[in-house]
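Chemist:
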Amino acid sequence: MTDVTITVHYFARLREQLGTEQETVTIPANLTLAELKQRLAERGAPWQLLTGERPVLAAVNQAMAKNATPLQDRDEVAFFPPVTGG
Amino acid sequence: MTDHVLVASADFDAAEQLQQLRQTSNATGAIATFTGLVRDYGDHSNVTGLFLEHYPGMTEQVIHGLIGDARERWDIQSARVIHRVGTLTLGEQIVFVGVSSSHRADAFAACEFLMDALKTSAPFWKKELTRDGEHWVEQKDSDRERGARWHQSDPGDD
Chain A
1174 MTDVTITVHY FARLREQLGT EQETVTIPAN LTLAELKQRL AERGAPWQLL
1224 TGERPVLAAV NQAMAKNATP LQDRDEVAFF PPVTGG
Chain B
518 MTDHVLVASA DFDAAEQLQQ LRQTSNATGA IATFTGLVRD YGDHSNVTGL
568 FLEHYPGMTE QVIHGLIGDA RERWDIQSAR VIHRVGTLTL GEQIVFVGVS
618 SSHRADAFAA CEFLMDALKT SAPFWKKELT RDGEHWVEQK DSDRERGARW
668 HQSDPGDD
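Taken in sequence, the protein lines are chains A and B.
The opening position of the first sequence corresponds to residue 1174 in my numbering, with each subsequent residue numbered one higher.
The opening position of the second sequence corresponds to residue 518 in my numbering, with each subsequent residue numbered one higher.
1) B:Ala587 to B:Ala525, Cα distance in whole Å?
2) Are the C-beta atoms of A:Ala1251 and some chain B residue less than 8 Å apart?
3) Identify whether B:Gly585 lies in helix, strand or coil by the three-state DSSP scheme.
4) Pull the bridge partners of B:Phe551 from the DSSP assignment, please.
5) Which chain B residues sit within Cβ distance under 7 Å of A:Pro1219?
6) Check B:Gly673 in the structure and name its three-state DSSP category.
7) Can you list, in chain order, the residues of its chain whose CB lies under 6 Å from that of A:Val1229, leaving out five sequence neighbours each side?
8) Should B:Ser618 go down as buried or exposed, given a rule of 16 or more other Cβ atoms within 10 Å for buried?
9) Between the beta-carbon of B:Gly564 and the beta-carbon of B:Ile611, is there less than 8 Å?
10) Under 8 Å, Cβ to Cβ, is there at least one residue of chain B near A:Val1256?
11) Assign B:Lys643 to one of two classes, buried (16 or more other C-beta atoms within 10 Å of its C-beta) or exposed (fewer than that).
12) For B:Met632 and A:Thr1175, I'd like the C-alpha separation in whole angstroms.
13) Between the C-alpha atoms of B:Gly585 and B:Glu651, what's the straight-line distance to the nearest angstrom?
14) Measuring straight from C-alpha to C-alpha, what distance separates A:Pro1243 and B:Gln534?
15) Examine chain B for any beta-carbon lying closer than 8 Å to the beta-carbon of A:Arg1186, and answer yes or no.
16) Express the C-alpha separation of B:Gln536 and A:Val1198 in angstroms, rounding to a whole number.
17) So which residues of chain B does A:Gly1192 contact, with C-beta pairs closer than 7 Å?
18) Between the stretch 1223-1234 of chain A and chain B, which residues of the former have a C-beta closer than 7 Å to a C-beta of the latter?
See the structure below:
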């Protein structure tokens, strides 16, 4: 299977807890958003926060995305807590 | 269409925004504006300031989308949304929403809708700075409910 490269951004509380703002990740093509979260969570603490009890929202290419979304080469993925602006 | 969306750390002049809305169209008969300020309590007491983070690019797209949603529901001429990011101190302005329309009902409704939607849909995150430390703000059920009620009933025409 061909591998693809994506960028992953983390925001707010999640960014602080993971100690990561942005990273480049190489994954098999057509991995879903849920599978990406699972892979990242397998890194161990604190990464299991991505699949923990606290809700984590996700965007793909700057649009809100669901767990079943398949990821393509050069996609921009973002994980973040529920929003609290305004 | 002369909509305006700005996400920036710099403060804004609400009077100047109002002036811009007045110049939209000769059909404008009503302008509704909302300004949000940093207050001294939230999830915690003794709040001395806020830190606001956003997702550059997506935030602006989402806000333009919300203005598009408002246009589909109400007869509005112009919408202006300004949201500040970074560190803000007590009493500072956080957000401005202004809408011009021919009629007050549409201006009020669209302004309130945009403000409610900003809280539940736009990728901003607030952290409260207090004398005892910093805390990320939790999303409120009340905000979710206010956001959801716009999807429950059709405002109809007035």
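Here a beta-carbon is modelled for each residue, glycine too, at the ideal position from N, C-alpha and C.
No experiment lies behind these values; they were computed from the predicted model shown.
Modeler: This is what the structure gives:
1) For the purposes of this step, residue 587 of chain B is taken as the residue at position 70 of the second sequence. For the purposes of this step, residue 525 of chain B is taken as the residue at position 8 of the second sequence. Computed Cα separation, rounded: 23 Å.
2) Reading the first sequence from its first residue, position 78 is the one you call residue 1251 of chain A. So yes, A:Ala1251 belongs to the interface.
3) Stepping through the second sequence from its first residue, residue 585 of chain B is reached at position 68. When secondary structure is reduced to three states using DSSP, B:Gly585 falls in the helix class.
4) Position 34 of the second sequence, counted from the first residue, corresponds to residue 551 of chain B. Residue pairing by DSSP places B:Phe551 opposite B:Val614 in a beta bridge.
5) For this step, residue 1219 of chain A is matched to residue 46 along the first sequence. Residues of chain B with a Cβ closer than 7 Å to the Cβ of A:Pro1219 do not exist, since the nearest Cβ in that chain sits about 15 Å away.
6) Taking the second sequence and counting its residues from 1, one reaches residue 673 of chain B at position 156. Note that B:Gly673 scores a pLDDT of 48, beneath 50, so its modelled location is shaky; the value from the coordinates is reported in the next line. DSSP, read as helix, strand or coil, puts B:Gly673 in coil.
7) Here residue 1229 of chain A corresponds to residue number 56 of the first sequence, with the count starting at 1. If you ignore the 5 residues before and after A:Val1229, its C-beta comes within less than 6 Å of the C-beta of Leu1223, Phe1252, all in its own chain and listed in chain order.
8) To locate residue 618 of chain B, count along the second sequence from 1; it is residue 101. Counting Cβ neighbours within 10 Å, B:Ser618 comes out buried, since at least 16 surround it.
9) Within the second sequence, numbered from 1, the residue matching residue 564 of chain B stands at position 47. Within the second sequence, numbered from 1, the residue matching residue 611 of chain B stands at position 94. The question names Gly, but residue 564 of chain B in the sequence shown is Val. Not in contact: B:Val564 and B:Ile611 (Cβ atoms no closer than 8 Å).
10) Here residue 1256 of chain A is taken as the residue at index 83 of the first sequence, counted from 1. With 8 Å as the cut-off, A:Val1256 counts as an interface residue toward chain B.
11) Walking along the second sequence from the start, residue 643 of chain B turns up at place 126. Within a 10 Å sphere around the beta-carbon of B:Lys643 sit 16 or more other beta-carbons, which makes this residue buried.
12) Taking the first residue of the second sequence as position 1, residue 632 of chain B is located at position 115. Taking the first residue of the first sequence as position 1, residue 1175 of chain A is located at position 2. Spanning the alpha carbons of B:Met632 and A:Thr1175 requires a straight line of approximately 44 Å.
13) For the purposes of this step, residue 585 of chain B is taken as the residue at position 68 of the second sequence. For the purposes of this step, residue 651 of chain B is taken as the residue at position 134 of the second sequence. Cα-Cα distance, rounded: 35 Å.
14) The residue given as residue 1243 of chain A occupies position 70 in the first sequence. The residue given as residue 534 of chain B occupies position 17 in the second sequence. Going by the C-alpha atoms only, they are around 42 Å apart.
15) Position 13 of the first sequence, counted from the start, is the residue given in the question as residue 1186 of chain A. Yes, because at least one Cβ of chain B sits closer than 8 Å to the Cβ of A:Arg1186.
16) Sequence index remark: in the first sequence, residue 1198 of chain A carries index 25 (1-based). Sequence index remark: in the second sequence, residue 536 of chain B carries index 19 (1-based). Between the alpha carbons of A:Val1198 and B:Gln536 lies a gap of roughly 48 Å.
17) The residue labelled residue 1192 of chain A in the question sits at position 19 within the first sequence. Correct list: empty, because the minimum Cβ distance to chain B is about 15 Å.
18) Listed by position, the residues of the stretch 1223-1234 of chain A near chain B (Cβ gap below 7 Å) are Ala1232.
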